[in-house]
Amino acid sequence: MRQNDSDLSQGLPVGSRCRVQRHASGLWLIAAEVPSAHLARLVGAVDLGYLDEPATRPGLAHLLEHSLFLGSQRCPEPDALSRWVGEQGGRYNAYTGDIATDVHLQLPPAAAGAGLAHLCELLARPCFDPALVEREVAVLDAEFHARLADPELHRLAALGELCRPGHSARRCHAGHAASLAGSGEGLAAELRALHRHYRPRRMALAMLGPQPLEEQLALLAQHAATLDHGAPPPTPAREWRWAEPGGMAWQLPVPAAEADHSHHCLELLWPLPADLANAYRAYLDGVAARLADGALAETLGQAATLRDMQVTSEPAGSGPALSLRLDFASPPPPLSELLACLYPALNAALRDPLSPTTCLAANSTAALDQWPRRQARRLAGQAAKPPASVRSDGQAALAAWLAPDQCRLLWQRPAVARQASDWRLLEETATRVARLVLPAASPAFAPAPRQAPRLDVAPAGTPSGAYWLGRPPWPVAEREAQAISHCALSWPAPDSSPRLTHWRRRCLALGQAARAQGARLQLGGDRLGDWLIASGTPAQVRGLAEQALAAWPADERDHAADSPTVGLIAQRLLGRLESAPSPANDHTAFAPLCWASDAASPGDLLARCPALPGTPKPPAEPSDTIWLAPQASDHAVMLEVMGMDASSRSRWLLRLLGQCHDAAFQQALRQRQGLGYAAAVRYREAAGWPRLGYVVQSPHADSDTLRAAIDAFISAEAVPLANISVAALDVQRRGLLARHGPPETYPAALEQVWQTLRQAPPPAGKSVLPRHLGSPWQQAAQRLADVLPEDLLGTAEALRAGRLPRRWWYHRPAD
Numbered sequence: 002m003r004q005n006d007s008d009l010s011q012g013l014p015v016g017s018r019c020r021v022q023r024h025a026s027g028l029w030l031i032a033a034e035v036p037s038a039h040l041a042r043l044v045g046a047v048d049l050g051y052l053d054e055p056a057t058r059p060g061l062a063h064l065l066e067h068s069l070f071l072g073s074q075r076c077p078e079p080d081a082l083s084r085w086v087g088e089q090g091g092r093y094n095a096y097t098g099d100i101a102t103d104v105h106l107q108l109p110p111a112a113a114g115a116g117l118a119h120l121c122e123l124l125a126r127p128c129f130d131p132a133l134v135e136r137e138v139a140v141l142d143a144e145f146h147a148r149l150a151d152p153e154l155h156r157l158a159a160l161g162e163l164c165r166p167g168h169s170a171r172r173c174h175a176g177h178a179a180s181l182a183g184s185g186e187g188l189a190a191e192l193r194a195l196h197r198h199y200r201p202r203r204m205a206l207a208m209l210g211p212q213p214l215e216e217q218l219a220l221l222a223q224h225a226a227t228l229d230h231g232a233p234p235p236t237p238a239r240e241w242r243w244a245e246p247g248g249m250a251w252q253l254p255v256p257a258a259e260a261d262h263s264h265h266c267l268e269l270l271w272p273l274p275a276d277l278a279n280a281y282r283a284y285l286d287g288v289a290a291r292l293a294d295g296a297l298a299e300t301l302g303q304a305a306t307l308r309d310m311q312v313t314s315e316p317a318g319s320g321p322a323l324s325l326r327l328d329f330a331s332p333p334p335p336l337s338e339l340l341a342c343l344y345p346a347l348n349a350a351l352r353d354p355l356s357p358t359t360c361l362a363a364n365s366t367a368a369l370d371q372w373p374r375r376q377a378r379r380l381a382g383q384a385a386k387p388p389a390s391v392r393s394d395g396q397a398a399l400a401a402w403l404a405p406d407q408c409r410l411l412w413q414r415p416a417v418a419r420q421a422s423d424w425r426l427l428e429e430t431a432t433r434v435a436r437l438v439l440p441a442a443s444p445a446f447a448p449a450p451r452q453a454p455r456l457d458v459a460p461a462g463t464p465s466g467a468y469w470l471g472r473p474p475w476p477v478a479e480r481e482a483q484a485i486s487h488c489a490l491s492w493p494a495p496d497s498s499p500r501l502t503h504w505r506r507r508c509l510a511l512g513q514a515a516r517a518q519g520a521r522l523q524l525g526g527d528r529l530g531d532w533l534i535a536s537g538t539p540a541q542v543r544g545l546a547e548q549a550l551a552a553w554p555a556d557e558r559d560h561a562a563d564s565p566t567v568g569l570i571a572q573r574l575l576g577r578l579e580s581a582p583s584p585a586n587d588h589t590a591f592a593p594l595c596w597a598s599d600a601a602s603p604g605d606l607l608a609r610c611p612a613l614p615g616t617p618k619p620p621a622e623p624s625d626t627i628w629l630a631p632q633a634s635d636h637a638v639m640l641e642v643m644g645m646d647a648s649s650r651s652r653w654l655l656r657l658l659g660q661c662h663d664a665a666f667q668q669a670l671r672q673r674q675g676l677g678y679a680a681a682v683r684y685r686e687a688a689g690w691p692r693l694g695y696v697v698q699s700p701h702a703d704s705d706t707l708r709a710a711i712d713a714f715i716s717a718e719a720v721p722l723a724n725i726s727v728a729a730l731d732v733q734r735r736g737l738l739a740r741h742g743p744p745e746t747y748p749a750a751l752e753q754v755w756q757t758l759r760q761a762p763p764p765a766g767k768s769v770l771p772r773h774l775g776s777p778w779q780q781a782a783q784r785l786a787d788v789l790p791e792d793l794l795g796t797a798e799a800l801r802a803g804r805l806p807r808r809w810w811y812h813r814p815a816d
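Numbers 2 to 816, taken from this note's numbering, label the letters of the sequence shown in order.
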């Protein structure tokens with residue numbers, strides 16, 4: 002069903018235009034003109050997921066996704082796309098879900114046309130070279146073993162246990178050496194057969210960028226004509242996967258079990274018929290938004306410590322469904338009491354779904370990234386008109402599907418809760434599961450319903466202290482930006498990830514209430530101290546800032562451990578780069594700082610910033626080698642390379658170096674040497690200090706081998722890859738400015754200015770924000786323009802010679 006433009010525009014900034022068209026070939030074309038965007042986001046989606054692969058070949062759809070990048074008829078080299086995207090300063094990735102697959106690129110707008118040509122080429126005419134396909138099976142096998150430490154893989158395994166016996170959804174579809182055994186020739190033939198479903202009638206192309214809407218649609222139509230318009234094979238029948246409603250408890254395997262034994266994660270799931278969910282998607286999104294308006298989180302917080310709460314109408318791996326996911330840092334209340342809280346909240350949300358807000362404060366760069374992917378995956382394979390089975394009274398029909406007796410439950414329990422007689426082992430993933438019977442709700446013992454945190458408060462007091470005043474320029478929506486107030490506060494505090502996690506947990510309901518009401522609360526912390534940004538109406542800003550300050554956990558003994566780790570070990574290592582100490586300790590005594598949009602915003606909040614008792618201890622001298630506690634069965638090594646200082650010049654040089662090295666590093670360690678699935682070069686910052694991570698994770702190579710491979714790459718390739726021409730550097734600059742130059746959303750502009758202010762000399766009394774601090778991206782762009790090829794080459798030579806500060810990170814499995 003074609004969505005109307007008001008539904009389609011949800012998640013886009015004010016002033017955006019969007020449209021959906023159906024090409025003569027049956028291909029859906031989706032375009033969004035976003036004036037503030039500096040990147041072109043391109044997506045190709047196919048109505049084919051892992052549930053559509055042959056029953057005898059679990060993992061074939063995932064292998065097909067990987068094989069798309071191993072060369073096409075026009076560009077047969079296996080690294081052609083990664084090399085070209087890297088040269089443009091862009092990014093690319095792909096994802097195979099249960100019922101759809103998508104490939105997505107992010108590029109400078111000037112490269113959008115060429116990007117669409119590459120995207121359509123790889124979707125329509127992949128080579129499926131047998132030798133490369135056979136080698137890619139080893140990569141998938143390494144990925145499978147790496148993901149055995151990822152809770153999401155085990156969640157999918159437990160989810161399958163809620164499906165009907167014999168249905169494809171009960172199997173693991175990640176793919177590995179055993180499930181994809183066979184010759185390269187045989188696998189290539191199977192991939193070609195599955196690829197015949199990649200036809201326009203089952204596909205969608207989406208684009209989001211600053212280009213005019215009509216220009217985008219014309220560009221999409223031009224490249225749509227290059228796709229194979231032949232008729233696809235019959236659409237695979239998708240039978241209802243779900244068994245009778247019930248519950249399933251699950252646990253991580255013993256080697257991957259997290260150290261936090263109090264962690265519980267409950268997910269309540271209501272599966273929905275696809276046609277009904279697609280026809281009433283906007284209503285479902287409103288129901289999900291109402292559940293996440295802060296009231297339910299506030300209610301549940303009375304009975305247990307709620308770490309996180311996610312509500313979505315598109316949960317991973319379940320097809321169309323409404324999912325409510327509750328992440329507890331302490332044992333949750335009895336299930337009967339929990340359900341007595343949740344069922345009434347869902348009924349209230351069905352009666353009063355939340356309308357989406359269009360306020361600039363609610364925009365995010367992540368929403369821009371997600372929008373074209375969501376729309377393309379939703380529309381791929383849909384008919385031009387809703388099927389006859391979709392009733393006009395769809396909301397009433399949805400209410401029947403979202404009733405308490407249709408609920409399914411997944412409950413991740415800590416490993417200490419295991420009792421041998423209650424649990425059985427799923428051999429392929431080593432997930433432990435136990436069936437649950439959902440009890441009747443017990444309203445008499447449930448926590449009393451609470452309202453969402455109030456954001457409107459009394460007028461601010463008299464401003465005091467020294468602070469900055471002013472707004473960043475936002476010409477794409479100047480009037481709307483002038484209507485938004487903000488207040489940013491920072492104060493000295495020892496860098497502590499557990500404290501930041503605890504603070505964000507305490508502000509969970511407050512942050513949800515802010516989003517529901519068109520406001521925004523951002524919390525952070527680093528070597529310069531802890532900070533917050535509140536934006537919205539003046540009353541909202543005051544209420545958010547006051548309550549966030551009150552929730553700040555001053556008592557270090559009260560800090561809980563970090564959130565349970567998720568994702569690959571390599572991803573966890575890269576995450577450490579954003580909090581690792583700088584190469585030179587800074588013992589400067591930082592004072593509280595405030596930046597507000599106008600004099601009415603800060604009031605007396607600066608004087609109310611937390612004060613730590615005593616003098617904080619100086620940070621410990623950073624070590625040149627760090628070992629992570631064992632979390633999985635893989636080895637992983639990361640070389641952290643830091644800039645010589647925190648200047649914008651150092652940041653640009655390390656970003657450029659990372660762009661030059663990333664594709665070649667992956668090709669060398671993952672493809673040619675076969676060391677593992679994860680091999681990447683990524684840029685990160687910690688309080689403005691730039692750093693690169695050269696990371697590789699392997700299921701079979703030990704730490705010494707991985708370190709030697711990183712050292713060999715830097716010794717042999719670091720300098721030649723950075724020896725680029727002036728013209729090539731210009732292309733790289735264009736890509737860097739698109740990704741890291743002027744912000745794409747107003748909240749991103751606020752944060753970029755705020756981080757600049759935190760590193761600048763403090764204001765003297767009440768100070769108007771100077772232009773060079775109010776738009777730091779302009780000065781940064783000039784610094785990038787000043788970078789010459791010899792500067793980049795000199796940075797690469799310093800890396801090879803070991804003159805840049807560095808640190809090694811290691812992970813090895815427990816003995």
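Backbone N, C-alpha and C define an ideal beta-carbon position, used for all residues, glycine too.
Of the other Cβ atoms in all chains shown, fewer than 16 fall within 10 Å of the Cβ of ASP731; this residue is therefore exposed. Taking a C-beta distance under 8 Å as the contact criterion, VAL727 and LEU794 do not qualify as a contact pair.
By the beta-carbon neighbour count (other beta carbons within 10 angstroms, threshold 16), ASP423 is exposed. Between LEU545 and LEU511, the gap from beta carbon to beta carbon is short of 8 Å. Look at CYS595 here: in three-state DSSP terms it is strand. Per DSSP, reduced to three states, the secondary structure at GLU641 is strand.
Looking from the CA of ALA633, the closest CA among ILE711, PRO700 and LEU61 belongs to PRO700. With fewer than 16 neighbouring CB atoms inside 10 Å of its own CB, PHE446 falls in the exposed class.
Taking C-beta separations shorter than 7 Å and ignoring five residues to either side along the sequence, the partners of ALA782 in its chain run LEU738 and GLY742, following chain order.
Taken atom to atom, the span from the alpha-carbon of ALA520 to that of ALA293 is near 14 Å.
DSSP places TRP628 inside the beta strand (DSSP E), whose first and last residues are 626-628.
Residue burial annotation: THR626 is exposed, with fewer than 16 other C-beta atoms found within 10 angstroms of its C-beta.
The Cβ-Cβ distance between LEU380 and GLY210 does not fall below 8 Å. Contact check for ARG507 against ASP103 fails: the beta carbons are separated by 8 Å or more. In the DSSP assignment, HIS773 forms no beta bridge with any residue. Taking a 10 Å sphere around the C-beta of VAL769, we find fewer than 16 other C-beta atoms and assign the residue as exposed. Inter-segment contact for the stretch 23-35 and the stretch 106-123 is absent: fewer than three beta-carbon pairs are separated by less than 8 Å.
By DSSP's assignment, ALA385 forms no beta bridge with any residue.
Within the same chain, and ignoring the five residues on either side of ARG735 in sequence, the residues whose Cβ sits closer than 6 Å to its Cβ are PRO109. Rounded to the nearest angstrom, the gap between the Cα atoms of LEU758 and LEU774 is 7 Å. Less than 8 Å separates the beta-carbon of THR746 from that of THR366.
Put simply, of ALA571, SER443 and ALA125 the residue whose alpha carbon is nearest the alpha carbon of HIS146 is ALA571.
Nearest to ALA250 by C-alpha distance, out of LEU427, PRO36, ARG436 and GLN407, is ARG436. The beta strand (DSSP E) runs of length 3 or more contained entirely in the stretch 495-534 are, from start to end of the chain, 521-527. Beta-bridge analysis with DSSP links TYR468 to LYS767.
If only complete runs of 3 or more residues are kept, the stretch 169-193 shows no beta strand (DSSP E) anywhere. DSSP places LEU297 within a helical segment (H, G or I) once states are collapsed to three. Under the three-state reduction of DSSP output, GLN74 falls in the coil class, being neither helix nor strand. Under DSSP, ALA205 shares a beta bridge with TRP29 and ALA46. In the structure shown, VAL697 adopts extended strand secondary structure according to DSSP, grouped into three states. The beta carbons of LEU267 and LEU327 sit about 5 Å from each other, so the pair counts as a contact at 8 Å. Taking a 10 Å sphere around the C-beta of SER10, we find 16 or more other C-beta atoms and assign the residue as buried.
Cβ contact annotation for ALA225 (same chain, cutoff 8 Å, sequence separation greater than five): HIS24, SER26, LEU28, LEU30, CYS121, PRO201 and LEU206, in chain order.
Contact between GLN674 and ALA710 holds: their C-beta atoms lie close to 6 Å from each other, under 8 Å. Residue environment: ASN94 is assigned as exposed (fewer than 16 neighbouring CB atoms within 10 Å of its CB, all protein chains considered). For ASP792, no beta strand (DSSP E) segment is defined; the enclosing uninterrupted segment is the alpha helix (DSSP H) at 790-802.
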